[in-house]
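Have a look at the structure below, then the notes.
2 protein chains.
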Amino acid sequence: MKSRTNLKTVAQEAGVSTTTVSRYLNGTLELPEATRDRIDAAVIKLNYHPNPHARRLSLGRSDTIAVILPDIANPFFAKLAAAIELAATSHNSMVLLHATFNKSDRELEALKRASQNRVDGVVFVTNRTPESEVARQLNEFSRAVILDEDVPGGVAPRLLCDNELGGMLAGRHLRSAGHRHVAYFGGGIDLHSTQKRLTGLQHGLTDGGSEDITPTFFLGDHSPTSGRELAERFLSQVTQETAIFSGSDELTLGILEVFKERGIRIPEDFSLISFDDARSLHLFSPAITAVRQPVDMLGTRAVDILFSPEWDDPDFTSRTELLPVELIERGSVKRIGQ
Amino acid sequence: MKSRTNLKTVAQEAGVSTTTVSRYLNGTLELPEATRDRIDAAVIKLNYHPNPHARRLSLGRSDTIAVILPDIANPFFAKLAAAIELAATSHNSMVLLHATFNKSDRELEALKRASQNRVDGVVFVTNRTPESEVARQLNEFSRAVILDEDVPGGVAPRLLCDNELGGMLAGRHLRSAGHRHVAYFGGGIDLHSTQKRLTGLQHGLTDGGSEDITPTFFLGDHSPTSGRELAERFLSQVTQETAIFSGSDELTLGILEVFKERGIRIPEDFSLISFDDARSLHLFSPAITAVRQPVDMLGTRAVDILFSPEWDDPDFTSRTELLPVELIERGSVKRIGQ
DNA sequence: TTTATCTAGTAAAGCCGTTTACTAAACCCT
DNA sequence: AGGGTTTAGTAAACGGCTTTACTAGATAAA
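Listed in order, the protein sequences are those of chains X and R.
For the first sequence, the working numbering gives the first residue as 8, with consecutive numbering after it.
For the second sequence, the working numbering gives the first residue as 8, with consecutive numbering after it.
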């Protein structure tokens, strides 16, 4: 069934040595036309394709990158994976996907598998602050990029969205709609995203104003379940808040479910802004205003970084790149009196 | 950085031959405890992991399966990919993802890449009826499974959801709510899904009744864009229809967008049932009733089939397995008078 | 004519496991 | 003591490609 032809067969058919065929096919040998034609003919006739295992063994590379992320079924990561796959293809590389479900043992396992598979590079995405063991394992790779959330101790270039800008945009938008008391829902306080967004949110809310407005926050993890819990907690503790800034579509999902069950209306009872905008938030009830992450760009750029020639530069691994986010206004923020 | 240890180093360290180490590690050689201990110690000390490229070259297999599907960013396929990845991991295999965007040239390209990569098996998922060229290319694999939609001419076991049952459930539900005139939105008429669902829908609508009720249909492809077009066409041509059975969440998205723009309400103006239920339809406005595909089971079972010992059986490739679907009732079907 | 240069390649080593077929030594039995 | 059986391994071939270092022969230059 599969093509059993190898270099040797082709070489024999063309009447040259395997070296010649190999070098010719890899472009490291100039040949007169007659010889070229014979080899070309043999390759076509025998439908020759180099055995990738042999090739990789010989070259010591795998033409494969690993993408380690929390969950493919999460639309944000799915879009990310799609963008990465597309970009990798154009670099002649394949993509190995590992879902970690945000468990550190699975993160470690995925990293180990990737390392044992001698992948050429790793795109690591997490949702939480991983243990130092994860960073250590990640540092085993000669090429890795840390995406979307920071990994403390990781020696690798970082590619993040501009979380502070995101918080700022949300804050400004809410302020201009009259909101002053806003709750942020997000992952742990140690997360880069949480810290930056809170900072940005505070700046956005304060804006040019004289009084310093500090948002409250409710923290868990980036899952719908956590969204539900945070929503319950929020409802039982809410005092002055009139708006919620939700750190991810997943959290938003949980929040919406709880609110729906309790008959709490958006934006009448609370205004809401989501983060990511990877789901069909425009079809929700109401359409949800959100800060959109540049997910395609994130994926494409991550792959570019992996294949960048700048890895020779020793500083490359300490670089952090920020990609801009944008606010998509829809119907979940209500203008309130003042 | 990476472990540069190889078998030879381990063998030297343990004072035995490479054969011995290899056979011991692969369980094809019994050794006295003292020797075992020496090898174990060497392996640990040197942090030895067999070079997978060498291993694969030697063994002639890749421990990799390819999953070829239309779009990872589509939640249904994303969930499918997640389930497949999980199942593959438990079979010690890796997953190579290829997105085709439903283009036949990309399908062909993905199949060729997979074949050149000597993958151990392929899970092929498409949304349309592919050209015979695709089937031919697919048939090059010694192990492939055709998932979710048929590939005519493909010599491989098929794993589909029970589309007829799905149509039937939708039909019955609509009938019991008083609907008699229903439009099906779906992909091409040549699609297995379209045909079976229409058949099922008709049976469901007719149910025990005496008169034979035939649904109308509006066909395009399974994309939101197509959903929009079909919705427009539907609206310009609608006569008696009171309900729509949409063949996928993607189509539903397009339909909902158009309806929202036109101020057409669901379920007041038209009732709607979606298919797949991979998106958060429960949060849409209104919550959308849907036929749910058993997406996890689909993924798990596909991998099981790939690793099944039954491939020796020559009839195995002509098998078709149907997985049950279920109707999730929500708020998009209105009871109407009669 | 001799030497240098170029053309058109090639031999052989290397990448690293797996597996078949085989052996040396020890042990067992009668 | 002689023969058979275990035990504890091992040598060598194989899988298929890449790459370095080298050569035979032709051509050009001095």
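In this text, a Cβ means the ideal position worked out from N, Cα and C, and glycines have one as well.
This structure is a prediction, so every number in the text was calculated from the model and none was measured.
Using a Cβ-Cβ cut-off of 8 Å, Asn-124/X is close to Pro-59 and Met-101 of chain R, given in chain order. For a cut-off of 8 Å, the C-beta gap from Ile-251/X to Ala-190/X is around 5 Å, short enough to register as a contact.
Here Tyr-55/X is not bridged, per DSSP, to any residue. Pairwise C-beta distances place the stretch 169-179 of chain R out of contact with the stretch 224-244 of chain R, as fewer than three of them are shorter than 8 Å. By the beta-carbon neighbour count (other beta carbons within 10 angstroms, threshold 16), Leu-166/R is buried. Within its own chain, the residues whose Cβ lies closer than 7 Å to the Cβ of Asp-219/X, once the five positions on either side in sequence are excluded, are Thr-213, listed in chain order. Between the beta-carbon of Ile-335/R and that of Ala-297/R there is about 5 Å, and that keeps the pair under the 8 Å contact cut. For His-229/X, the secondary structure class from DSSP, reduced to helix, strand or coil, is coil. Sequence-ordered contacts of the stretch 276-293 of chain X with chain R read Arg-286, Ser-287, Leu-290, Phe-291 and Ser-292 [C-beta pairs closer than 7 Å]. By the Cβ test, the stretch 261-269 of chain X is not in contact with the stretch 197-204 of chain X, since fewer than three Cβ pairs between them sit closer than 8 Å. Under a 10 Å Cβ-count criterion, Asp-155/X is classified as buried, with 16 or more other Cβ atoms of the shown protein chains found around its own Cβ.
Neighbours of His-56/R across chain X, judged by C-beta separation under 7 Å: Gln-123.
For Pro-331/X, the closest of Met-304/X, Asp-169/X and Leu-104/X by C-alpha to C-alpha distance is Asp-169/X. Under the three-state reduction of DSSP, Thr-223/R is assigned to strand. The way I'd put it, the stretch 178-185 of chain R doesn't touch the stretch 141-159 of chain R; fewer than three beta-carbon pairs between them come closer than 8 Å. In this model, Arg-43/X and Ala-18/X are separated by some 12 Å (Cα to Cα). Looking from the CA of Asp-47/R, the closest CA among Ala-21/R, Glu-37/R, Leu-260/R and Arg-30/R belongs to Ala-21/R. The alpha helix (DSSP H) runs lying completely inside the stretch 112-166 of chain R and spanning 4 residues or more are 139-145, given in chain order. Of all residues in the stretch 244-270 of chain X, only Leu-260, Leu-263, Glu-264 and Lys-267 place a beta-carbon less than 8 Å from a beta-carbon of chain R. Glu-336/X is outside the set of residues whose beta carbon lies under 8 Å from a beta carbon in chain R. Within chain X, the C-beta atoms nearer than 8 Å to that of Pro-82/R come from Ala-80, Pro-82 and Ala-85, in chain order.
In the structure shown, Arg-308/R adopts helical secondary structure according to DSSP, grouped into three states. Around the beta-carbon of Gln-209/X, 16 or more other beta-carbon atoms lie within 10 Å, marking it buried. Relative to Leu-260/X, the option among Thr-25/X, Ile-343/X, Val-132/X and Asn-81/X whose CA is nearest is Asn-81/X. Beta-bridge annotation (DSSP): Met-101/R is paired with Thr-71/R. Closest by C-alpha distance to Gly-195/X, out of Leu-329/X, Leu-258/X and Arg-337/X, is Leu-258/X.
Distance from the CA atom of Pro-137/X to the CA atom of Ser-287/X, rounded to whole angstroms, is 30 Å. The continuous beta strand (DSSP E) containing Leu-330/R extends over residues 327-330. Looking at the DSSP output, Arg-299/X bridges to Asp-283/X and Glu-333/X. At least 8 Å separates the beta-carbon of Leu-103/R from that of Ala-88/R. Around the beta carbon of Arg-135/X, 16 or more other beta carbons lie within 10 angstroms, which makes this residue buried. Leu-115/R is not a Cβ neighbour of Val-152/R, given a cutoff of 8 Å. In the DSSP annotation of this structure, Ser-217/R is not part of any alpha helix (DSSP H), being labelled neither H nor E. A straight line joining the alpha-carbon of Leu-118/X with that of Thr-71/X spans about 14 Å. Any Cβ of chain X closer than 8 Å to the Cβ of Leu-104/R would place that residue at the interface, and such an atom is present.
For Ile-251/X, the enclosing beta strand (DSSP E) begins and ends at 250-253.
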